[in-house]
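Here the sequence shown is numbered in full-length UniProt numbering, starting from 1 and rising by one per residue.
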Amino acid sequence: MKASDIAKILDKIAPPKLAYRGEELGLVVGSGNREVKVLGVTERPTVDVLQEAVDKNVDLLVIHEPLYHSEKAFLIDKSSLSFPPNRKREKLVQKGGFAIFRYHSQWDDAEEGNNETLAEILGVKVTEKIPYGRIGKISETTLGKLANDVKNKLGCAGVLVVGDKSKKVETVAVIAGSGNSLTDFMEFVKQKGVDVLISGDITDGRARFAQELGLAVIDAGDYWTENPGAKRLVNILRKKLSEIKVLHLDPGKPWVVV
């Protein structure tokens, strides 16, 4: 089966119309004519993941986060592609010779995508699909108990909590990955009656915004809220592509809690 054939299957699972404007999605490296016997799926194409893809003879790699770090350079006059980690990634991509597809926002919003998967794991009964996430209900509990549930169900070493842990919560918004970049998302869900937002990578500034808004937040991290969706995509593809070896390449957690 060719990479382009697999792309058609992926587009049915996560339709391109769900993607946000301006993202580089679909085929980002290689040719759609590449014959695929081994398919890898990863939440994030780290150096270790790319090395694993090389070692396991992956023909097509499906990624969620961008292939390269895209942070701006302020102290050194050079493009982000010349950063040492990006050079390492590029060398491994060239060594592996595999094609790469990127499925980001369309997988976040898909019927069985990241947000739906996160909601299911956390026992959130979805009542509304919203841009970037989902809103739903849980049995009334306290913020503190919910935070412990999130930690245990996602396997986090710990979570960050904004708000009074004794506060009663029932209406939940989930956004897999980083909920920090959406400047008006917190206000948007607050207006919809949400008691607590569960997401990842919330900065100090955004946490204080939520605090002053009166919105509780549970930050479980980008990796822990998105990796379950990558595992689910692997299971879906294994059922649809029985003649192809489908691997989950886990980037692992970026740090430990001490």
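Note that CB positions come from ideal geometry on N, CA and C, so glycine has one too.
Around the CB of residue 23, fewer than 16 other CB atoms lie within 10 Å, so the residue is classed as exposed. Taking 4 residues as the shortest admissible run, the segment 94-145 contains the following complete alpha helix (DSSP H) segments, listed from N- to C-terminal end: 105-109, 114-121. The C-beta distance from residue 140 to residue 112 rounds to 28 Å, too long to fall under 8 Å, and the pair is not in contact.
Taking a cut-off of 8 Å on C-beta distances, the segment 97-112 touches the segment 5-25, as three or more cross pairs fall below it. Across the structure, residue 53 and residue 96 are spaced so that their CA atoms are roughly 7 Å apart. When the beta-carbon positions are compared, residue 161 and residue 194 stay at least 8 Å from each other. Taking the Cβ atoms as the reference, residue 39 lies roughly 7 Å from residue 245, within the contact range of under 8 Å. Residue 248 is bridged by DSSP to 41. Straight through space, the alpha carbons of residue 93 and residue 233 are spaced by roughly 22 Å. Here residue 20 is exposed, its C-beta having fewer than 16 other C-beta atoms within 10 Å. According to the DSSP assignment, residue 50 belongs to the alpha helix (DSSP H) that extends over 47-55.
Collapsing the DSSP output to three states places residue 219 in a strand. A residue is called buried once 16 or more other Cβ atoms fall within 10 Å of its Cβ, and residue 31, having fewer, is exposed.
Contact annotation: residue 176 and residue 221 have beta-carbon atoms that are not nearer than 8 Å.
By the criterion of at least three beta-carbon pairs nearer than 8 Å, the segment 204-212 is not in contact with the segment 132-146. Taking residue 69 as the centre and dropping the five residues before and after it, the same chain places the C-beta of 80, 83, 85, 86 closer than 7 Å to its C-beta, in chain order.
Bounds of any alpha helix (DSSP H) do not take in residue 256, whose DSSP letter is neither H nor E.
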